[in-house]
Amino acid sequence: MNPAEEIKQLFPDSVVSVGQQIKKPLAIIKKEGLLEVAQKVKEMGFDNLSVITGIDYGDRFEVVYNFFSYVKKQNLVLKVVLGHENPEVASLASIWKVADWLERETYDLVGIKFRGHPNLKRILLPEGWMGHPLRKDYDMNVDQFVTIGEDGEDIVSTDGSNLLRR
Amino acid sequence: MKTDELLINMGPVHPSTHGVLRFKLTMDGEIIRNCEIVMGYLHRGTEKLGEMKTYMQFVPYTDRLDYISAFPNNYAYVKAVEELAGIEVPLRAEYIRVLTLELNRIVNHLVMIGSLLLDLGASTMIMYGFRERENALALFDMLCGARMTFNYIKPGGVREDMPEGFIPKLNEFINDMDMRIDDYEQLVSGNEIFMGRMKNIGVMSAQDAINYGMTGPSLRGHGVNYDIRKMEPYSVYPDLDFKACMRRECDSFARYMVRIDEMRESLHILKQVVDQMPQGKAETHAKYGIAPMTGAPTAVSTYFPRIFTPPPGEVYSRIEAPKGELGFYIVSDGTIKPYRIKIRSPSFCNLTAIPKMVEGLMIPDLIAAFGTIDVVLGDVDR
Amino acid sequence: MDPLTIDTTKIKITRRQPVTAIDKLNDTGLISTLLAAREREGLILFSTIDQVFNWARLSSLWPVTSGLACCAIEMMATSMAHHDISRFGMEIFRASPRQADLMFVAGTVTKRMAPRVKKLYEMMPDPKWVISVGSCANTGGPYHESYSVLKGVDLILPVDVYIPGCPPRPEAWLYGIIQLREKIKNRGYGAKWGLNK
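Residue numbers (my numbering), protein chains in the order written: chain A, 4 to 169; chain B, 457 to 838; chain C, 86 to 282.
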């Protein structure tokens, strides 16, 4: 049986709908029930979390998780829909260790917060960067520059006069 | 008497060839207690640029992700676009693609072994590796005009067919390479110093490795036989006969030996591809889309439009890149530009295992273990 | 296996050999030495010492390893056996900038890396030169519209030679290095040591 339909049978109130994403079974989950569903998915044998994607539609955020099982050779896609103000979802870093950095990257670039993450900091951009670049309302005309501060840490500002020559 | 812990910074500019990566090591004497990795010194914003370009215009950006092996990056993106849009590819184009993928796998492993040994202090192997790499790059030059950033695999096929005289030169390369791999094994693999520096260093159990998201040859050195070419076959791999190379001891030496085995398997695959190459066209007719761009018809635009709109939807597709599992997650909203492209890069996910792997080792062991994970910073930072 | 057969008898040398006597005199560099001497009001003796120092400096420039991205791989390929960079005396890439006099900025300079590259430049002792390699270091390259890429390394460093390409072929690297050598040959750096005082 389809892994998405199994999950729908086990957690009927957490699953919003079940479908297909180009031949992969897809299940849309409510964000409150994500952690239990994830535990069950891990027990079902999906031990490879491939990718966590954060997508900014204008009125909502979506977080998509793609799983693969080595033993059963099956795919599974979970999707969580979040509101546009203060998007926040439970972190899966305690179950799959790779989710640690994937969630940090999603926070860095899209701005989705993960509850329960051990170390939610920016990973690809320096600490003080303003804004989340992959949101649709990010202003690309503002140039931010980085200089090195007192103890070797990055300082971000829009004024690059002590770095630039002209 | 009390000892303090020392914070040592292996800064972004360090004389190994892996790129700009920063380690913050907390040391107790010589032993590493904690390793924190700081990255992002090469973050170029490829994913944001993907939203500003059309599907065909994004292909050169994928070249620059993992710049040592650029064909698999091209192919992973193009495979995702083809799955999303339902494009059929002619058989000859698929065979040419597999030829370039496997040739690039050999090049990648040569560079990896060369730079691993350069970090350990031996400078002969990188000279040999780059000598072979020049031969392979001459083949690529003949095929698509560029040495490193190819921009050759496009949605619908390849950009142009193989030139005359390519197959005889490829056969020469294959025969040459067969002898050279034996040379490398004799030079490196039996060397006592090398074995002493690599055996039992960087040990991690297979369960941990899977949980930390390691994939590719690094994972196959831990005894887990996960090769996407066998698990979810794509392209013409079901028709080719090869085996996924695996070793069981979970240390750096096993991860290194997997790559030597893989080079031999790639040569085996290349011989089969050359035998089985079909005749025919390498480009395809489009099944849908906006009419081709106006202007004089060239080899590309006569058959396939440069601007096309796939149907709205999402797709995640993965391939077995030389470094691991490379995947592209593409969201399309029915316009000529993608809505969101997310790149799942193997180096980023393999790197998550390093802080766990190096606890309790010394700094030279960190360098040896890190070299076998095969990290390229273009892939980590995108 | 010979990857690329180039028939060197069919290559025409693009630089004209000096024909007239004035051309030959100009080619030795003596005229530019005398003009430089007149500019700085120095003695002819010290301007000849300039020539000697220039020759010594250009013959073995030691680069510092600051390869950032894809162009760094072409830097490695140029320094390997096939396209040999050690014909210019540059085969040792010094790890420490205090021992180097040339910096190849090879690869994309991001905003986060820019102060480190500038610090690396400031750590090099005089006289020093910078070659900006590849289109990303020249002007930002294919990533010009990105939010986190510096649009050219010449916004933070003075650059002597620009080598275009993405990545430039090793033959283009060698041509850029030859241009730098011509530039060093025609300048007088002895004045900086105060020898004309």
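Heads up, the beta-carbon is just placed ideally off N, CA and C, and yes, glycines get one too.
All values reported here derive from a predicted model rather than from experimental measurement.
I want to verify the contact list: residues of chain A whose CB lies under 8 Å from the CB of residue i, in sequence order.
i, result
"Ala199(C)", "Phe148, Val149 and Leu166"
Report yes or no: is there a C-beta of chain B within less than 7 Å of the C-beta of residue i?
i, result
"Ser20(A)", "no"
"Gln190(A)", "Since the first and last residues shown for chain A are 4 and 169, residue 190(A) lies out of range."
"Leu146(C)", "no"
"Tyr260(C)", "no"
"Pro252(C)", "yes"
"Tyr73(A)", "yes"
"Asn69(A)", "yes"
List the residues of chain C that residue i touches, going by C-beta distances under 8 Å, in chain order.
i, result
"Leu128(A)", "Arg197 and Ser233"
"Phe586(B)", "Met161, Ala162, Met165, Ala166 and His167"
"Gly834(B)", "Ala154 and Cys155"
"Met604(B)", "Cys155, Ile158, Glu159 and Pro252"
Below 7 Å on C-beta distance, what does residue i contact in chain C?
i, result
"Asp157(A)", "Arg197"
"Ile552(B)", "Residues of chain C passing the Cβ test: none, with the nearest at roughly 20 Å."
"Thr556(B)", "Correct list: empty, because the minimum Cβ distance to chain C is about 17 Å."
"Val476(B)", "Leu153 and Met198"
Please compile the residues from chain A whose C-beta is within a distance smaller than 9 Å of the C-beta of residue i.
i, result
"Phe804(B)", "Trp104, Leu105 and Glu108"
Against chain C, with Cβ distances strictly below 7 Å, would residue i count as a contact?
i, result
"Pro136(A)", "yes"
"Met143(A)", "yes"
"Phe826(B)", "no"
"Glu8(A)", "no"
"Ser160(A)", "no"
"Tyr693(B)", "no"
"Met583(B)", "yes"
"Met618(B)", "no"
"Tyr523(B)", "yes"
"Glu648(B)", "no"
"Glu590(B)", "yes"
So, is the C-beta of residue i closer than 7 Å to a C-beta in chain A?
i, result
"Ile666(B)", "yes"
"Gly840(B)", "With chain B running from 457 to 838 in the structure shown, residue 840(B) is simply not present."
"Thr518(B)", "no"
"Val787(B)", "yes"
"Lys743(B)", "Unreliable positioning characterises Lys743(B) in this predicted model, as indicated by a pLDDT of 37, which lies under 50. A coordinate reading is not provided."
"Lys798(B)", "yes"
"Asn544(B)", "Correcting the residue type first, residue 544(B) is Glu in the shown sequence and not Asn. No, Glu544(B) lies away from the interface with chain A (no Cβ there is under 7 Å from its Cβ)."
"Tyr531(B)", "no"
"Glu815(B)", "no"
"Glu461(B)", "no"
"Glu539(B)", "yes"
Since residue i meets chain A, which of its residues come closer than 7 Å, beta carbon to beta carbon?
i, result
"Lys213(C)", "Simply none; closest approach about 16 Å."
"Asp837(B)", "Leu127"
Please list, in chain order, the chain B residues whose beta carbon lies closer than 8 Å to that of residue i.
i, result
"Asp154(A)", "Going along chain B, no residue has its Cβ under 8 Å from Asp154(A), so there is no contact; the nearest lies around 11 Å."
"Ser151(C)", "Val469"
Find the residues of chain B that neighbour residue i, judging by a C-beta separation of less than 9 Å, and give them in chain order.
i, result
"Lys76(A)", "Met687 and Glu688"
"Lys100(A)", "Asp664, Asn667, Tyr668, Gly669, Thr808, Ala809 and Lys812"
Taking all protein chains shown into account, do 16 or more other C-beta atoms lie within 10 angstroms of the C-beta of residue i, making it buried, or fewer, making it exposed?
i, result
"Met813(B)", "buried"
"His87(A)", "exposed"
"Arg500(B)", "buried"
"Trp214(C)", "buried"
"Thr56(A)", "buried"
"Gly783(B)", "buried"
"His135(A)", "buried"
"Thr502(B)", "buried"
"Gly475(B)", "buried"
"Trp99(A)", "buried"
Report yes or no: is there a C-beta of chain D within less than 7 Å of the C-beta of residue i?
i, result
"Asp140(A)", "Protein chains in the displayed structure are A, B and C, and chain D is not among them."
Counting only Cβ pairs nearer than 7 Å, list the residues of chain B close to residue i.
i, result
"Ala180(C)", "Pro471"
"Leu187(C)", "In chain order: nothing, as chain B lies at least about 15 Å away."
"Thr193(C)", "Leu498 and Arg500"
"Leu44(C)", "Residue 44(C) is absent from the model: chain C starts at 86 and stops at 282."
List the residues that DSSP assigns as beta-bridge partners of residue i.
i, result
"Glu648(B)", "Answer by DSSP bridge pairing: none, since Glu648(B) is not bridged."
"Glu65(A)", "Ile58(A) and Val84(A)"
"Lys610(B)", "Gly613(B)"
"Arg118(A)", "Ala93(A)"
Proximal residues, the region 491-507 of chain B versus chain C, C-beta separation under 7 Å: For the region 491-507 of chain B, the set of residues with a beta-carbon nearer than 7 Å to any beta-carbon of chain C comprises Gly496, Tyr497, Leu498, His499, Arg500, Gly501, Lys504 and Leu505, in chain order.
Selection of the region 216-231 of chain C by Cβ proximity to chain B, strictly under 7 Å: Shown in chain order are the members of the region 216-231 of chain C whose Cβ falls below 7 Å from a Cβ of chain B: Pro227, Tyr228, Glu230 and Ser231.
Chain A contacts made by the region 768-785 of chain B, where a contact means CB separation under 8 Å: The residues in question are Gly769, Glu770, Val771, Tyr772, Arg774, Glu781, Gly783 and Tyr785.
Where the region 153-167 of chain C meets chain B: residues whose CB sits under 8 Å from a CB there: If the cut-off is 8 Å between Cβ atoms, the region 153-167 of chain C has Leu153, Ala154, Cys155, Ala157, Ile158, Glu159, Met161, Ala162, Met165, Ala166 and His167 near chain B.
Cβ-based contacts, 9 Å cut-off: residues of the region 37-63 of chain A near chain B: Those residues of the region 37-63 of chain A that come within reach of chain B (Cβ to Cβ, closer than 9 Å) are Asp50, Asn51, Leu52, Ser53, Val54, Ile55, Thr56, Gly57, Ile58, Asp59 and Tyr60.
Interfacial residues, the region 675-686 of chain B to chain A, with Cβ spacing under 8 Å: Residues of the region 675-686 of chain B whose Cβ lies closer than 8 Å to any Cβ of chain A, in chain order: Val680 and Tyr682.
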